Amino acid sequence: MAAKHAEDSSGEKFTLFFGIESPFSQFHPAKFTINGITYSCAEQYMMHQKAVEFKDSESAELILEAKEPRKMKAQGKKVANFDPVVWSKRSVEVVREGNIAKFSQNPHLLEKLFATKGTTLVEASPRDCLWGIGLGAKNPKAQDRRNWRGKNLLGNILTEVCCELLEKKGAAVIPEKEEESVVVKRLSASEAKTTEPAEKIQKMDTFFYFEGKDSPFSLFHPSEFTVDGVKYSCGEQYMMHQKALEFQDKATAKKIMCETEPIKMKKIGDKISRADKDRWISKCKDVVHKGNLAKFEQNKQLRKELFRTHGAQIANASQDPILGIGFGASNKKAKQRSTWTGMNILGDALTQVRDILMEGHLDEADELKTD
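The sequence shown begins at 1 in full-length UniProt numbering and counts up by one.
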């Protein structure tokens, strides 16, 4: 599709694009050289760097030999030793590096990029909720960022590349709407080590609420997974075990691992000696994130259920003031994050984990997006 221009109710202007014919697509033919290697398109550079990052020399060679972008992408999905957490951070840097070279070394493409000055570039991909907006250009919702289902990472990167190259040319431009890096502000679940609440990075008007132990998103839900060589029966067991270890209560840690019922694991964990509440709340964010990353990475069926929530902020509709939002989904205050009384640590962790894993399991994610 040719680039489409739009403007939302707030006055923000967009340049929507999608498909290989667009000069802004990763698949668009464009030769450029980085570190002595010539690439045929930005997708080849991205997939090659993915293979290099995880030291898969065989895949790296096959990607360079490939002639079609789709085959490059397909080979990139097969990279050995792949770690979605590592790649979620590195991939943004790679796409940025690739596009700076692509447009700097191709004047005819640079001219088209500069023509978008004053607008936000938007990849109107109906199936990609990470690099695109999860909506097609013809969808009216695509013209208002509040309705986007995806993060638009590619569009945000291209917008910044445009600004950077304009500055180098001597025509400095500052984005009208956002003074900070739009890429960094929208990393949310893609930024592996972040523990910031998701709404600080991307506002989502749509919420997916869950509550009760029967939900696959509950810490009580039965789901075996292994972390650091230790096998756990559910997310609650992992969290309580880590809590005991954090406060060096080995006896309680052992009891938690011997227990089979989540509710009893929780009660044992509540009795951990020398536990400091503030310290645990701070540590809890990382523990819940790591545990859920392992849980859903190692359980395909549960991962499928997680992917079905794409485009929404996950909310733990529980009265728990730390892990939940402070009340049930039927409460009117549940409709707006600003009125939540709870921290929603579990919901935020699940939202972040979902987006990280969707990048690492693109085939599964694409299947669900077309359901």
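Note that CB positions come from ideal geometry on N, CA and C, so glycine has one too.
Quick caveat, the model's predicted, so the values are computed rather than measured.
* Asked: Quick one: any contact between the segment 116-129 and the segment 147-163, if contact means 3 or more CB pairs under 8 Å?
  -> Verdict: yes, contact present.
* **T33 versus H48: straight-line alpha-carbon distance, rounded** => Rounded to whole angstroms, the separation of the alpha carbons of H48 and T33 is 13 Å.
* A192 to V85 span [Cα, whole Å] -> Confidence at A192 is low in this model, with a pLDDT of 33, below 50, so its placement is unreliable and the value that follows should be read with caution. Straight-line Cα distance between these residues: approximately 5 Å.
* Asked: Roughly how far, in whole angstroms, is the beta-carbon of residue 378 from the beta-carbon of A317, given that I think they are within contact range, below 8 Å?
  -> The chain is shown only over 1 to 371; residue 378 falls outside these bounds and no answer can be derived.
* Expressed to the nearest angstrom, what Euclidean distance is found between the alpha-carbon atoms of I133 and G311? -> About 9 Å.
* **Exposure label - T70; buried when at least 16 CB within 10 Å** => A small fix is needed here, since residue 70 is Arg in this sequence, not Thr. Per the 10 Å Cβ criterion, exposed.
* Asked: Helix or strand or just coil, what does DSSP make of F208?
  -> Strand at F208.
* To do: Assign Q143 to one of two classes, buried (16 or more other C-beta atoms within 10 Å of its C-beta) or exposed (fewer than that).
  => In summary, Q143 is buried, with 16 or more beta-carbon neighbours lying within 10 Å of its beta-carbon over all protein chains present.
* Asked: Which stretch, first to last residue, makes up the beta strand (DSSP E) that contains L121?
  -> Here the beta strand (DSSP E) through L121 covers 120-123.
* Give me the Cα-Cα distance between L113 and S218, rounded to the nearest whole angstrom. => So the alpha carbons of these two residues sit roughly 46 Å apart.
* Host beta strand (DSSP E) of A315 (start-end) -> Run containing A315: 313-316, per the beta strand (DSSP E) assignment.
* Around the Cβ of I356, are there at least 16 other Cβ atoms within 10 angstroms (buried) or fewer (exposed)? -> When all chains shown are included, I356 counts as buried.
* To do: Using a threshold of 8 Å, state whether the C-beta atoms of S59 and A51 are closer than that.
  => A contact, by the Cβ cut-off of 8 Å.
* Span of the alpha helix (DSSP H) holding P222? -> If you look at P222, you'll find it isn't in any alpha helix (DSSP H); it sits in the beta strand (DSSP E) that goes 222-227.
* Asked: Going by DSSP, which residues form a beta bridge with T38?
  -> Beta-bridge partners of T38 (DSSP): T33.
* C284: buried (16+ other C-beta within 10 angstroms of its C-beta) or exposed? -> C284 is buried by the Cβ-count criterion.
* Asked: Quick one: what does DSSP say E359 is sitting in, helix, strand or coil?
  -> For E359, the secondary structure class from DSSP, reduced to helix, strand or coil, is helix.
* CB-CB under 7 Å to S62, same chain, minus the five flanking residues each way: which ones, in chain order? -> Note that residue 62 is Leu in the sequence shown, not Ser. Excluding positions up to five away in sequence, the list reads Q75.
* Helix or strand or just coil, what does DSSP make of S218? -> Under the three-state reduction of DSSP, S218 is assigned to coil, being neither helix nor strand.
* How about the segment 294-307 and the segment 343-360: do they share at least three Cβ pairs that are nearer than 8 Å? -> Yes, since at least three Cβ pairs between the segment 294-307 and the segment 343-360 fall closer than 8 Å, the two stretches touch.
* To do: Find out if the Cβ-Cβ distance for the pair T119, T252 is shorter than 8 Å.
  => No.
* G328 and W340 closer than 8 Å at C-beta -> Contact: no.
* Backbone secondary structure at K283 - three-state DSSP -> The answer is helix: DSSP assigns K283 an H, G or I state.
* To do: Could you check the C-alpha separation between K254 and R274 for me, to the nearest Å?
  => Roughly 16 Å between the two C-alpha positions.
* To do: Keeping to the same chain, check which residues put their C-beta closer than 8 Å to that of R303; ignore five residues upstream and five downstream.
  => Setting aside the 5 residues that flank it on each side, R303 is surrounded in the same chain by F296, E297, L357, H361, E364, each with a C-beta closer than 8 Å to its C-beta; the list follows chain order.
* To do: Report the three-state DSSP secondary structure of K254 (helix, strand or coil).
  => It is helical.
* Asked: Does the Cβ-Cβ distance between A66 and M72 come in under 8 Å?
  -> In contact: A66 and M72 (Cβ atoms closer than 8 Å).
* Asked: When DSSP labels each residue in this structure, what does C163 get in the three-state scheme?
  -> DSSP places C163 in helix when its eight states are reduced to three.
* To do: Would you check if the distance between the CB atom of F18 and the CB atom of A137 is smaller than 8 Å?
  => Cβ distance < 8 Å, so F18 and A137 count as in contact.
* Asked: Would E43 pass as a contact of Q26 if the rule is Cβ separation under 8 Å?
  -> Less than 8 Å divides the Cβ of E43 from the Cβ of Q26.
* By a C-beta neighbour count over all protein chains shown, 10 Å radius and 16 as the cutoff for buried, is N99 buried or exposed? -> Under this definition N99 is a buried residue.
* Report the residue from H28, K151, D228 whose alpha carbon sits nearest the alpha carbon of N106. => N106 has its Cα closest to that of H28, out of H28, K151, D228.
* Who are the near neighbours of M343 in its chain, counting only those whose CB is closer than 6 Å to its CB and skipping five residues on each side? -> The residues are I322.
* Asked: Where does S57 sit, in a helix, a strand or coil, going by DSSP?
  -> Helix.
* To do: In angstroms with no decimal places, state the Cα-to-Cα distance between S330 and S223.
  => So the alpha carbons of these two residues sit roughly 28 Å apart.
* To do: Would you grab the beta carbon distance between I272 and D249 for me? Rounded to a whole angstrom, and I think it's under 8 Å.
  => Rounded to the nearest angstrom, the Cβ distance from I272 to D249 is 5 Å, consistent with a contact under 8 Å.
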